[in-house]
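This report refers to the structure that appears directly beneath it.
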Amino acid sequence: MPELTVGTATAAPGTRARGVIEVTTLPGGRPLDIPVMVLNGAVNGPCVWVDGVIHGDEPEGTLACHMLDAELDPANMRGSVVLVPVLNVPAYEAAQRGNPLDTFSYDMNRIYPGREGGYLTERVAYTHSRWLRDVATFELSIHSGGAHSYLSETIFTTTQPESIELAKAMGKDWSLILKNIRPSGSPGAVMHEAGKHALTVELGGRPATSARDFQRCARTLADGVLNVLRHYKVIDGQPTYAGKWYTGFQHALLAPVSGLFLAETTLEFQKPMKKGDSLARIVGVYGDSLAELRTPADGMIFGLRALPNVLTGDWCCFYAEIEGEL
Ligand SMILES: [Zn+2]
0 MPELTVGTAT
10 AAPGTRARGV
20 IEVTTLPGGR
30 PLDIPVMVLN
40 GAVNGPCVWV
50 DGVIHGDEPE
60 GTLACHMLDA
70 ELDPANMRGS
80 VVLVPVLNVP
90 AYEAAQRGNP
100 LDTFSYDMNR
110 IYPGREGGYL
120 TERVAYTHSR
130 WLRDVATFEL
140 SIHSGGAHSY
150 LSETIFTTTQ
160 PESIELAKAM
170 GKDWSLILKN
180 IRPSGSPGAV
190 MHEAGKHALT
200 VELGGRPATS
210 ARDFQRCART
220 LADGVLNVLR
230 HYKVIDGQPT
240 YAGKWYTGFQ
250 HALLAPVSGL
260 FLAETTLEFQ
270 KPMKKGDSLA
280 RIVGVYGDSL
290 AELRTPADGM
300 IFGLRALPNV
310 LTGDWCCFYA
320 EIEGEL
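For the sequence shown, numbering that gives the first Met the number 0 assigns the number 0 to the initial residue and increments by one for each residue that follows.
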């Protein structure tokens with residue numbers, strides 16, 4: 000196993016290193032860069048690259064990276080792990096989805112592979128893309144419902160067999176694998192373009208940010224990554240599997256009107272529903288019902304808006320139209 004370099008971090012075989020991927024400088028003179036932790040195994044094997052916080056209001060990935068760094072011993076690894084605890088630093092500092100300093104390319108998960116001479120966030124994405132494409136065998140991008148929603152354990156990936164294998168390798172807690180047939184704009188698109196495989200992994204968000212819930216979400220995410228590492232034999236141990244996997248497409252249902260969003264109190268995540276079942280209603284300022292949201296197909300709800308105040312066009316329900324099992 001040769002030494003492994005990502006940005007300013009170089010780890011000899013069987014060791015770890017911390018550093019940054021340098022991007023540019025901010026007006027106040029501070030550098031804008033991407034923190035990175037490199038864990039280089041003693042023996043050859045795949046490189047599993049984990050990205051947290053492409054969206055600044057989704058810090059579950061940060062804590063999951065910290066857990067993984069604390070629990071992995073590179074001296075006993077066959078292959079390597081690259082952890083990016085915070086990909087979009089200014090967005091993380093502002094606890095917002097995008098970088099408030101960049102209104103031209105605000106949503107970083109829509110602009111990959113970025114542009115070398117582009118807007119600020121496009122340059123961050125471009126620099127990240129180069130390293131990712133050259134170093135990673137697999138990429139796992141960790142997301143959550145952020146400031147607006149809660150999302151239950153859900154994976155998005157392509158329909159290629161290697162991608163499905165990677166998704167199943169997340170282990171016992173991950174049985175919903177939705178299709179993103181031709182990923183575009185995300186780090187996964189860069190991997191796809193390079194003939195490699197990636198997952199977008201969702202868990203957590205606003206109603207699960209109490210100390211206990213937040214750490215439960217990060218634990219489940221970190222456990223999924225550890226299971227991936229066991230599946231590909233980067234670390235020792237017996238991997239687990241969900242055993243039954245549902246697949247289909249996401250419907251992100253948007254608010255037809257502004258008002259107060261009231262989900263059905265009986266809703267349960269990832270429980271089968273029929274087309275036309277009631278999901279939620281939106282009431283106006285005097286309490287009158289203004290709109291009803293219903294399921295667009297047979298399937299299951301996997302995420303829900305958590306901030307009841309809603310604007311026309313806002314995300315409300317994340318619904319999986321289920322096509323079958325994998
Ligand atoms: Zn996200």
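Beta carbons are placed, not taken as given, at the ideal position from N, Cα and C, and that holds for glycine.
Query raised in the report: Do you know how far the Cα of V233 is from the Cα of A41?
Result: For the purposes of this step, residue 41 is taken as residue 42 along the sequence shown, with counting starting at 1. For the purposes of this step, residue 233 is taken as residue 234 along the sequence shown, with counting starting at 1. Those two C-alpha atoms are separated by around 10 Å.
Query raised in the report: Between which two residues does the alpha helix (DSSP H) carrying E327 extend?
Result: In the structure as shown, the chain begins at 0 and stops at 325. Residue 327 is therefore absent and cannot be evaluated.
Query raised in the report: Cα-Cα, which of A290, D287, G275 and R280 is closest to A296?
Result: Residue mapping note: residue 296 aligns to position 297 of the sequence shown, counting from 1. For the residues A290, D287, G275 and R280, the minimum Cα distance to A296 belongs to G275.
Query raised in the report: Looking at C-alpha atoms only, which residue of C316, L100, C315 and H54 is the closest neighbour of G27?
Result: Taking the first residue of the sequence shown as 1, we reach residue 27 at position 28. Here the closest residue by C-alpha is L100.
Requested in this report: Grab the span of the alpha helix (DSSP H) containing T61 for me, first residue to last.
Outcome: By 1-based counting over the sequence shown, the position of residue 61 is 62. Secondary structure note for T61: its alpha helix (DSSP H) is the uninterrupted segment E59 to E70.
Requested in this report: Flag E57 as yes when its Cβ comes closer than 7 Å to any non-hydrogen atom of ligand 1, and as no otherwise.
Outcome: Here residue 57 is taken as the residue at index 58 of the sequence shown, counted from 1. Yes, since a heavy atom of ligand 1 falls inside the 7 Å radius drawn around the Cβ of E57.
Query - Unbroken beta strand (DSSP E) run spanning Q249, endpoints - result: Stepping through the sequence shown from its first residue, residue 249 is reached at position 250. Taken as a continuous stretch (DSSP letters only), the beta strand (DSSP E) holding Q249 covers Y245 to L253.
Requested in this report: For L325, collect the residues of the same chain with a Cβ closer than 8 Å to its Cβ; drop the 5 residues on either side in sequence, then sort them by chain order.
Outcome: Walking along the sequence shown from the start, residue 325 turns up at place 326. I163, K167, I176, W244, Y245 and T246.
**Report entry** Proximal residues to G203 (C-beta, below 6 Å), its chain only, five neighbours per side dropped
**Finding:** As a position in the sequence shown, residue 203 is number 204, starting the count at 1. Exclusion of the five residues before and after G203 leaves E59, S143 and C216 as the residues of its chain whose Cβ lies within less than 6 Å of its Cβ.
Report task. Apply the 10 Å Cβ neighbour rule to P1 and answer buried if 16 or more other Cβ atoms are within range, or exposed otherwise. Result -> Within the sequence shown, numbered from 1, the residue matching residue 1 stands at position 2. P1 is exposed by the Cβ-count criterion.
Query - As assigned by DSSP and simplified to three states, the class of Y105 - result: To locate residue 105, count along the sequence shown from 1; it is residue 106. In the structure shown, Y105 adopts coil according to DSSP, grouped into three states.
Requested in this report: Assign S140 to one of two classes, buried (16 or more other C-beta atoms within 10 Å of its C-beta) or exposed (fewer than that).
Outcome: Start at 1 with the first residue of the sequence shown, and residue 140 comes out as number 141. Under this definition S140 is a buried residue.
Query raised in the report: With C-beta atoms as the reference, is A197 less than 8 Å away from E138?
Result: Residue mapping note: residue 197 aligns to position 198 of the sequence shown, counting from 1. Residue mapping note: residue 138 aligns to position 139 of the sequence shown, counting from 1. Yes. Within cutoff.
Query - Per DSSP, the bridge partner or partners of V37 - result: Taking the sequence shown and counting its residues from 1, the one referred to as residue 37 is at position 38. Under DSSP, V37 shares a beta bridge with A16 and V81.
Query - Inter-stretch contact (C-beta, 8 Å, three-pair minimum) for the region 74–88 and the region 109–116 - result: No: fewer than three Cβ pairs fall under 8 Å.
Query raised in the report: Should the region 267–286 be called in touch with the region 221–235, which here means at least 3 C-beta pairs below 8 Å?
Result: With a cut-off of 8 Å, the region 221–235 and the region 267–286 do not count as touching, because too few Cβ pairs lie within range.
**Report entry** Cβ-based neighbour list, L261, same chain, cut-off 8 Å, excluding 5 preceding and 5 following
**Finding:** Residue 261 sits at position 262 when you count from the first residue of the sequence shown. Cβ within range, chain order: A279, R280, I281, V282 and P307.
Query raised in the report: Quick one: is K273 buried, meaning 16 or more other Cβ sit within 10 Å of its Cβ, or exposed?
Result: Here residue 273 refers to the residue found at position 274 when the sequence shown is read from its first residue. Looking at its Cβ environment, which holds fewer than 16 other Cβ atoms inside 10 Å, K273 is exposed.
Report task. Evaluate T157 with the Cβ neighbour count: other Cβ atoms within 10 Å of its Cβ, from every protein chain shown; 16 or more gives buried, anything less gives exposed. Result -> As a working note, residue 157 is residue 158 in the sequence shown. Within a 10 Å sphere around the beta-carbon of T157 sit 16 or more other beta-carbons, which makes this residue buried.
Requested in this report: Classify T153 as helix, strand or coil using the three-state DSSP reduction.
Outcome: By 1-based counting over the sequence shown, the position of residue 153 is 154. DSSP places T153 in strand when its eight states are reduced to three.
Query raised in the report: By a C-beta neighbour count over all protein chains shown, 10 Å radius and 16 as the cutoff for buried, is G113 buried or exposed?
Result: By 1-based counting over the sequence shown, the position of residue 113 is 114. Per the 10 Å Cβ criterion, buried.
Query raised in the report: Considering only the beta carbon of each residue, do A10 and P73 sit closer than 8 Å?
Result: Numbered from its first residue, the sequence shown carries residue 10 at position 11. Numbered from its first residue, the sequence shown carries residue 73 at position 74. Yes, the Cβ-Cβ distance between A10 and P73 is below 8 Å.
Query raised in the report: Of the choices K270, R211 and P186, whose alpha-carbon is the least far from that of V52?
Result: As a working mapping, residue 52 is identified with position 53 in the sequence shown. Measuring from the Cα of V52, the nearest candidate turns out to be P186.
Query - When A8, V47 and G44 are compared against I33, the one with the closest alpha-carbon - result: On the sequence shown, position 34 is the one that residue 33 refers to. The shortest C-alpha separation from I33 is found at A8.
Query raised in the report: Measuring from the CB of N179, is there a heavy atom of ligand 1 at a distance below 7 Å?
Result: Taking the sequence shown and counting its residues from 1, one reaches residue 179 at position 180. Incorrect: N179 has no Cβ contact closer than 7 Å to ligand 1.
Query raised in the report: Does the separation of the CB atoms of L220 and A319 fall below 8 Å?
Result: The sequence position of residue 220 within the sequence shown is 221, counting from 1. The sequence position of residue 319 within the sequence shown is 320, counting from 1. Judged by their CB atoms, L220 and A319 are not nearer to each other than the 8 Å cut-off.
Query - Neighbour-count burial assignment, E70, 16 or more Cβ in a 10 Å radius - result: The residue labelled residue 70 in the question sits at position 71 within the sequence shown. Taking all protein chains in view, the Cβ of E70 is surrounded by fewer than 16 other Cβ atoms within 10 Å, so the residue is classified as exposed.
Query raised in the report: Would DSSP call V47 helix, strand or coil?
Result: Along the sequence shown, one-based indexing puts residue 47 at 48. Look at V47 here: in three-state DSSP terms it is strand.
Requested in this report: State yes or no: is the C-beta of R17 within less than 8 Å of the C-beta of L38?
Outcome: Looking up residue 17 in the sequence shown gives position 18. Looking up residue 38 in the sequence shown gives position 39. Using a Cβ distance threshold of 8 Å, R17 and L38 do not count as a contacting pair.
Query raised in the report: Under 7 Å from any heavy atom of ligand 1, does the C-beta of I53 make it?
Result: Position 54 of the sequence shown, counting from 1, holds the residue named residue 53. True, at least one ligand heavy atom lies under 7 Å from that Cβ.
Requested in this report: Could you tell me whether the Cβ of V81 comes closer than 8 Å to any Cβ of chain B?
Outcome: Any reference to chain B falls outside this structure, which holds one protein chain only.
Requested in this report: Tell me whether H191 counts as near ligand 1, meaning its Cβ is closer than 7 Å to at least one heavy atom of that ligand.
Outcome: Counting from one through the sequence shown, the residue named residue 191 turns up at place 192. H191: no, Cβ never under 7 Å from ligand 1.
Query raised in the report: Among the residues of its own chain, which have a CB less than 8 Å from the CB of H191, if the five just before and after it don't count?
Result: Sequence index remark: in the sequence shown, residue 191 carries index 192 (1-based). Scanning its chain for C-beta atoms nearer than 8 Å, with the 5 sequence neighbours on each side dropped, one finds around H191 the residues T157, R181, P182 and A197, in chain order.
Query - Alpha-carbon spacing of R293 relative to S277, whole angstroms - result: Residue numbering aside, residue 293 sits at position 294 when the sequence shown is read from its first letter. Residue numbering aside, residue 277 sits at position 278 when the sequence shown is read from its first letter. Here the alpha carbons of S277 and R293 stand approximately 4 Å from one another.
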